[in-house]
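Counting along the sequence shown from 1, when you hit position 89 you're at 181 in our numbering, and nothing is skipped either side. Where is the CB? At the ideal position from N, CA and C, for every residue including glycine. Keep in mind that this is a model prediction, so the values were computed, not measured. The block underneath contains the structure these notes are about, expressed in structure tokens.
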Amino acid sequence: MAETAKGFWHTAPGMITAVAALVTAAGGLLGVLIQNDVIEWGSDSQQSGTTQDAANTPGGENGGQPGPEAATTPSTDTSDYIPWNQATADLVRHDGTRTTVKAATVGLACDTKTLAFENGRKISLEIVRSIQFDAIYTNNASADGIVALLDGRELTDPIHTWNCPVLAQNELGPVEIKLENIHRIEFHR
């Protein structure tokens with residue numbers, strides 16, 4: 093009686109190889125999904141919350157000053173605020189004139205989503221209450237001022253401007269204000 097030949101995938105080493113390949117593929121896919129924020133990894137958000145609390149407590153890691161990672165993620169509950177896509181902002185010039193625009197369209201440093209600082213920190217404009225410009229330096233594309241966050245913190249690091257004008261839109265169309273003419277941006281949430 094002739095015995096039928098078994099293929100590699102029907103042997104024990106073949107089955108182990110197949111299972112190992114599936115586990116590796118699933119792990120790789122999971123890693124890509126987490127890295128691209130398609131799914132959240134619970135321990136990362138719990139870990140960053142712990143880091144924020146330690147960095148922002150008096151006498152904590154940075155002497156009570158928020159670290160770069162602390163300002164990146166809002167620590168305030170924004171559920172009581174108007175949704176960002178419905179919020180407005182007032183662009184206030186040095187001469188006191190104001191223009192009301194859609195908050196989500198405000199662009200600083202050629203970007204409508206984030207505010208960059210010279211120290212490398214980037215924060216989402218969605219967590220900003222106001223930006224006051226005290227001095228503009230076109231020679232090094234920066235500005236001094238105060239950035240007030242929704243949670244009450246104030247950041248005074250130099251703002252990276254790229255010498256771009258402040259851009260926004262309202263119901264009448266695009267708005268552009270030269271950087272040297274802007275005094276304050278107030279977001280209304």
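Original post:
If we count Cβ pairs, one from each stretch, closer than 8 Å, do we get three or more for the region 204 to 223 versus the region 233 to 241?
Top reply: Output reads yes: the region 233 to 241 touches the region 204 to 223.
**OP:** Using alpha carbons as the reference points, say which of Asn255, Cys202, Pro257, Arg190 lies closest to Glu278.
**Re:** As a working note, residue 278 is residue 186 in the sequence shown. Out of Asn255, Cys202, Pro257, Arg190, Arg190 has the C-alpha closest to the C-alpha of Glu278.
**OP:** Report the residue from Ala235, Ile215, Ile269, Ser234 whose alpha carbon sits nearest the alpha carbon of Arg245.
**Re:** On the sequence shown, position 153 is the one that residue 245 refers to. Ranking Ala235, Ile215, Ile269, Ser234 by CA distance to the CA of Arg245 puts Ile215 first.
Subject >> Length of the line joining the Cα atoms of Leu217 and Val115 >> reply: Reading the sequence shown from its first residue, position 125 is the one you call residue 217. Reading the sequence shown from its first residue, position 23 is the one you call residue 115. Rounded to whole angstroms, Leu217 to Val115 spans 40 Å at the Cα level.
Original post:
Are the region 225 to 233 and the region 250 to 267 touching by the rule of at least three beta carbon pairs closer than 8 Å?
Top reply: Touching, yes.
Original post:
Near Tyr229, what residues of its chain come up, given a Cβ to Cβ distance below 6 Å and the 5 sequence neighbours on each side ignored?
Top reply: Mapped onto the sequence shown, residue 229 falls at position 137. Within the same chain, Tyr229 has no close Cβ partners at all.
Subject >> Sequence-distant residues of the same chain with beta carbon closer than 8 Å to Arg281, five excluded per side >> reply: Taking the first residue of the sequence shown as position 1, residue 281 is located at position 189. Thr170, Tyr173, Ile174, Trp176, Ala179, Ala195, Arg221, Leu242, listed in sequence order.
Original post:
Rounded to the nearest angstrom, how far is the Cβ of Leu183 from that of Val267, given a contact under 8 Å?
Top reply: As a first step, residue 183 is located in the sequence shown; it is residue number 91 there, counting from the start. As a first step, residue 267 is located in the sequence shown; it is residue number 175 there, counting from the start. In this structure Leu183 is in contact with Val267, their Cβ atoms being roughly 7 Å apart against a cut-off of 8 Å.
Original post:
Can you tell me whether DSSP reads Val193 as helix, strand or coil?
Top reply: As a working mapping, residue 193 is identified with position 101 in the sequence shown. Strand at Val193.
Original post:
So what's His102 in DSSP terms, helix, strand or just coil?
Top reply: As a working mapping, residue 102 is identified with position 10 in the sequence shown. DSSP places His102 in helix when its eight states are reduced to three.
Original post:
Going along the chain, which residues of its own chain have a beta-carbon closer than 7 Å to the beta-carbon of Lys205, five neighbours each way excluded?
Top reply: Here residue 205 is taken as the residue at index 113 of the sequence shown, counted from 1. Cβ within range, chain order: Ser216, Leu217.
Original post:
The beta strand (DSSP E) spanning Gln224 covers which residue range?
Top reply: Locating residue 224 in the sequence shown gives position 132, where the first residue counts as 1. Going by DSSP, Gln224 is part of the beta strand (DSSP E) stretching over 220 to 229.
Subject >> Distance between beta carbons of Arg185 and Ile274, contact taken as under 8 Å >> reply: Counted from its first residue, the sequence shown places residue 274 at position 182. Counted from its first residue, the sequence shown places residue 185 at position 93. Their Cβ separation, rounded to whole angstroms, is 6 Å, which keeps Ile274 and Arg185 in contact under 8 Å.
Original post:
How would you label Phe100, buried or exposed, when you count the other beta carbons within 10 angstroms and need 16 or more for buried?
Top reply: Locating residue 100 in the sequence shown gives position 8, where the first residue counts as 1. Exposed.
Original post:
Is DSSP giving Thr206 helix, strand or coil here?
Top reply: Counted from its first residue, the sequence shown places residue 206 at position 114. The answer is strand: DSSP assigns Thr206 an E or B state.
**OP:** Taking only the alpha-carbon atoms, compute the straight-line gap between Asp187 and Ala201 and give it to the nearest angstrom.
**Re:** Your numbering for residue 187 matches position 95 in the sequence shown. Your numbering for residue 201 matches position 109 in the sequence shown. Taking the straight line from one Cα to the other gives about 22 Å.
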